[in-house]
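Worksheet for the structure shown next.
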Amino acid sequence: VNILYNYAMAVCMNPGVPPEFPGEALESKDGELGDYAPAPKQCHKCLKLKPPRAHHCSVCKTCVMKMDHHCPWINNCVGINNYRYFCLFMLFLAMGCLYYTVLGSRLFFQALAPARKRTIKLKFEDIQCVTLSWLVSICIFCAICLLGGFHLYLVLTNQTTIEFHTNMAGRQIAR
Numbered sequence: 015v016n017i018l019y020n021y022a023m024a025v026c027m028n029p030g031v032p033p034e035f036p037g038e039a040l041e042s043k044d045g046e047l048g049d050y051a052p053a054p055k056q057c058h059k060c061l062k063l064k065p066p067r068a069h070h071c072s073v074c075k076t077c078v079m080k081m082d083h084h085c086p087w088i089n090n091c092v093g094i095n096n097y098r099y100f101c102l103f104m105l106f107l108a109m110g111c112l113y114y115t116v117l118g119s120r121l122f123f124q125a126l127a128p129a130r131k132r133t134i135k136l137k138f139e140d141i142q143c144v145t146l147s148w149l150v151s152i153c154i155f156c157a158i159c160l161l162g163g164f165h166l167y168l169v170l171t172n173q174t175t176i177e178f179h180t181n182m183a184g185r186q187i188a189r
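Just add 14 to the spot in the sequence shown (first one is 1) and you have the numbering used here.
The structure is reproduced here in structure tokens:
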């Protein structure tokens, strides 16, 4: 249920398109300017005002505040509004894959055992299905853990994927 909820929220939620009027982005609830006072710059692609840390998505054709990346799996940008749901989706997906892998281990190892030593009768098609699904689950778990670890690093260092790559390029040039 958590996998589907967080996936749906990441897909359906507005990733954080800047407001049309820059005053809305800069004003806090009490009407005063927030901590970040730099004036928004104009995007050279869509010609709208964009606040600091906003980037233009070439797929969505709009600017997104604190844009991390455009994700083909959710067919949406990952930005300030849906980043939490994207990370929770990855967390619960990894937990689901781990759960399936642990529960399916007994059946997987039964499928690998010689036919005379199996305690469960399996047809050849069942063995193929069990083996493939167990291996796919492990592969997805490993991939999601790597991606989740990277995003945990980004959260801890207050960066987006775009900023990470920009900073890495800057470090390479500085050498």
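From the three backbone atoms N, C-alpha and C, an ideal C-beta is built for every residue, glycine too.
**OP:** Could you pull out every residue in the same chain whose Cβ sits closer than 7 Å to the Cβ of G110, ignoring the five residues on either side in sequence?
**Re:** Residue mapping note: residue 110 aligns to position 96 of the sequence shown, counting from 1. Excluding residues within five positions, the ones whose Cβ falls inside 7 Å are I17.
Original post:
Relative to the C-alpha of D140, which residue among Q124, H165 and K62 is closest?
Top reply: For the purposes of this step, residue 140 is identified with residue 126 of the sequence shown, where counting begins at 1. Residue Q124 is the option with its Cα nearest to D140.
Subject >> Proximal residues to H69 (C-beta, below 6 Å), its chain only, five neighbours per side dropped >> reply: What you label residue 69 is simply residue 55 of the sequence shown in a count that begins at 1. Cβ within range, chain order: M81 and I176.
Original post:
Between which two residues does the beta strand (DSSP E) containing H83 stretch?
Top reply: Start at 1 with the first residue of the sequence shown, and residue 83 comes out as number 69. H83: member of the beta strand (DSSP E) spanning H83 to C85, first to last residue.
Subject >> Buried versus exposed, by CB contacts within 10 Å (16 or more), V73 >> reply: Position 59 of the sequence shown holds residue 73. So V73 counts as exposed.
Original post:
Residue range of the beta strand (DSSP E) that A68 falls in?
Top reply: Here the question's residue 68 lines up with position 54 in the sequence shown. For A68, the enclosing beta strand (DSSP E) stretches over residues A68 to C71.
Original post:
Based on the DSSP secondary-structure assignment, which residues constitute the bridge partners of V144?
Top reply: Position 130 of the sequence shown holds residue 144. For V144, which the question treats as bridged, DSSP gives no partner whatsoever.
Original post:
What three-state label does DSSP hand L18 in the structure shown?
Top reply: As a first step, residue 18 must be located in the sequence shown, where it is residue number 4. Three-state result, L18: helix.
Original post:
Taking just the CA atoms, how far does G118 sit from E46?
Top reply: Indexing the sequence shown from 1 puts residue 46 at position 32. Indexing the sequence shown from 1 puts residue 118 at position 104. Any reading at E46 must be qualified, since the residue scores a pLDDT of 49, below 50, and its modelled position is unreliable; no value is offered.
Original post:
Where DSSP assigns a beta bridge to K75, which residues make up the other side?
Top reply: The count along the sequence shown starts at 1 and reaches residue 75 at position 61. Looking at the DSSP assignment, K75 forms no beta bridge with any residue, so it has no partner.
Original post:
Anyone know if the C-beta pair for W148 and Y114 falls short of 9 Å?
Top reply: For the purposes of this step, residue 148 is taken as residue 134 along the sequence shown, with counting starting at 1. For the purposes of this step, residue 114 is taken as residue 100 along the sequence shown, with counting starting at 1. Taking 9 Å as the cut-off, the Cβ atoms of W148 and Y114 count as close.
Subject >> Close Cβ partners of L160 (< 7 Å) along its chain, the five nearest in sequence each way excluded >> reply: Looking up residue 160 in the sequence shown gives position 146. So the list is empty, once near-sequence residues are dropped.
Original post:
Rounded to the nearest angstrom, how far is the Cβ of A122 from that of T145, given a contact under 8 Å?
Top reply: Numbered from 1 along the sequence shown, position 108 holds the residue referred to as residue 122. Numbered from 1 along the sequence shown, position 131 holds the residue referred to as residue 145. For the record, residue 122 in the displayed sequence is Phe; it is not Ala. Right, their Cβ atoms sit about 7 Å apart.
Subject >> Helix, strand or coil at Q124 according to DSSP, with G and I counted as helix >> reply: As a first step, residue 124 must be located in the sequence shown, where it is residue number 110. In the structure shown, Q124 sits in a helix (DSSP, three-state: H, G or I).
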